[in-house]
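**Student:** Sharing a structure here in structure tokens format.
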Amino acid sequence: MRKPILISALLMTSLFCVNISAKEWAFDVYLDKNKIGQHEFKLTESNELISTAKFNVKVLFINAYQYDHKAVEQWQGDCLSSLESHTLENKVETNIKAKLSGQEFTVDDGKLKQKLPACTMTFAYWNPKIIQQTKLLNPQNGEWLDTKFTNLGIETIDVKNKKVEASHYKLDGSLNGKSKLKIELWYSANNEWLALKSITPEGYTINYKLR
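Encoded structure:
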């Protein structure tokens, strides 16, 4: 079994709007039909977003893939002011530090520094403005991706054992013309993020389900 190399592409976080109360989003994560871990997002009243994820894929009782990720993002309105993330994917460690200075948002992965626009966003799944973005930052590896959103219409999905009508979107992300991720998102009528699905290049299906 080949490991699902694009699980990490799903781990991207942001902020809903300015001056909102503290909120949490807690997801169980499934690879095909098997639960492999959890991903939680906690937004404080000071607009700090903490994202933590831990996955463990087993094949015949052997740990075939392990993933441990934490990102801390500080926001000013819909713009990121700082970011620190640490990821351990199997034995590969990645650290990202980023900070707004003047009219530039500098992203440092320890090898390369990028100068991005002052108002940079990560993958703000619960912020309606994400749908308007053509560039988004991956907080795990610092990739500055080209993004395209497609509205797929309204459909009914299961959320916490209830039937809910949701707006369905497709998100395509690429870097230098090479496809990096393909994600599907669902939102309630109030623009609340409800669910996520992605198909990896290996053909595995990843689902995020609200607890």
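According to mature numbering (1 follows the signal peptide of the UniProt record, and there is no 0), the stretch in the sequence shown is residues -22 to -1, 1 to 189, in order.
C-beta: ideal position from N, C-alpha, C; glycine also.
#1: Using the beta-carbon count (16 or more within 10 Å), is I132 buried or exposed?
#2: Let's test the definition: count the other Cβ atoms within 10 Å of the Cβ of G151 and tell me whether it reaches 16, buried, or not, exposed.
#3: How would you label N168, buried or exposed, when you count the other beta carbons within 10 angstroms and need 16 or more for buried?
#4: Closer than 8 Å is the cut-off here; do at least three beta carbon pairs connect the segment 133 to 143 with the segment 152 to 162?
#5: Thinking V85 and G120 are a contact (beta carbons under 8 Å), I'd like their distance in whole angstroms, please.
#6: Going by the DSSP bridge assignment, what does Y165 pair with across the sheet?
#7: Cβ of Y186 within 8 Å of Cβ of L9?
#8: On the premise that W104 lies in contact with E170, defined as a C-beta separation below 8 Å, what is that separation, rounded to the nearest angstrom?
#9: Secondary structure at K138, three-state DSSP: helix, strand or coil?
**Tutor:** By the coordinates alone:
#1: Numbered from 1 along the sequence shown, position 154 holds the residue referred to as residue 132. That one is exposed.
#2: For the purposes of this step, residue 151 is taken as the residue at position 173 of the sequence shown. By the neighbour-count rule (16 or more Cβ atoms within 10 Å), G151 is buried.
#3: On the sequence shown, position 190 is the one that residue 168 refers to. The residue in question, N168, is exposed, as its Cβ has fewer than 16 Cβ neighbours within 10 Å.
#4: Not touching, per the Cβ criterion.
#5: Counting from 1 along the sequence shown, the entry for residue 85 is found at position 107. Counting from 1 along the sequence shown, the entry for residue 120 is found at position 142. Yes, they are in contact, since the Cβ atoms of V85 and G120 sit about 5 Å apart, within 8 Å.
#6: Against the sequence shown, residue 165 aligns to sequence position 187. For Y165, which the question treats as bridged, DSSP gives the partners S145 and W171.
#7: In the sequence shown, the residue the question calls residue 186 occupies position 208. In the sequence shown, the residue the question calls residue 9 occupies position 31. Cβ distance not < 8 Å, so Y186 and L9 don't count as in contact.
#8: In the sequence shown, residue 170 corresponds to position 192, counting from 1. In the sequence shown, residue 104 corresponds to position 126, counting from 1. Confirmed, Cβ separation roughly 7 Å.
#9: One-based indexing of the sequence shown puts residue 138 at position 160. K138 falls in the coil class under three-state DSSP.
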